[in-house]
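Q: Please read through the structure below; I'll follow up with questions.
This is the structure in structure tokens:
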């Protein structure tokens, strides 16, 4: 399974934070859960810099184990 970043607002009233923990549990050890404090559902509007910081860190620092490189046409190359 691929690494997965879950970012959630502490006070999300659309999807309560308990669902974030359930999602992380369902995905397993490959999931990283970040709960941003004092934020609701609109993370990108309420705390864009914090959201960006976590996304950038995940995308830059996460090493994905690869057995094959997937090309845009869907074929695999070893």
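Residue numbers (the numbering used here): 1028 to 1105. Backbone N, C-alpha and C fix where the C-beta goes; we use that ideal spot for every residue, glycine too.
1) From what residue to what residue does the beta strand (DSSP E) around residue 1059 run?
2) Using CA coordinates, which residue listed in 1076, 1074 and 1034 is at the minimum distance from residue 1051?
3) Got a sec? Which residues, its chain only, sit under 7 Å from residue 1099 by beta carbon, not counting five neighbours each side?
4) Is the CB-CB distance between residue 1068 and residue 1029 below 8 Å?
5) Nearest by alpha-carbon distance to residue 1063: which of 1049, 1078 and 1053 is it?
6) With a Cβ-Cβ cutoff of 8 Å, do residue 1061 and residue 1038 count as a contact?
A: The short version:
1) 1058-1063
2) It is 1034 whose Cα lies nearest to the Cα of residue 1051.
3) Here the model assigns residue 1099 a pLDDT of 45, short of 50, so the residue's position is not dependable and the matter cannot be decided.
4) Against a cut-off of 8 Å, the Cβ pair of residue 1029 and residue 1068 comes out as no contact.
5) Residue 1063 has its Cα closest to that of 1078, out of 1049, 1078 and 1053.
6) no
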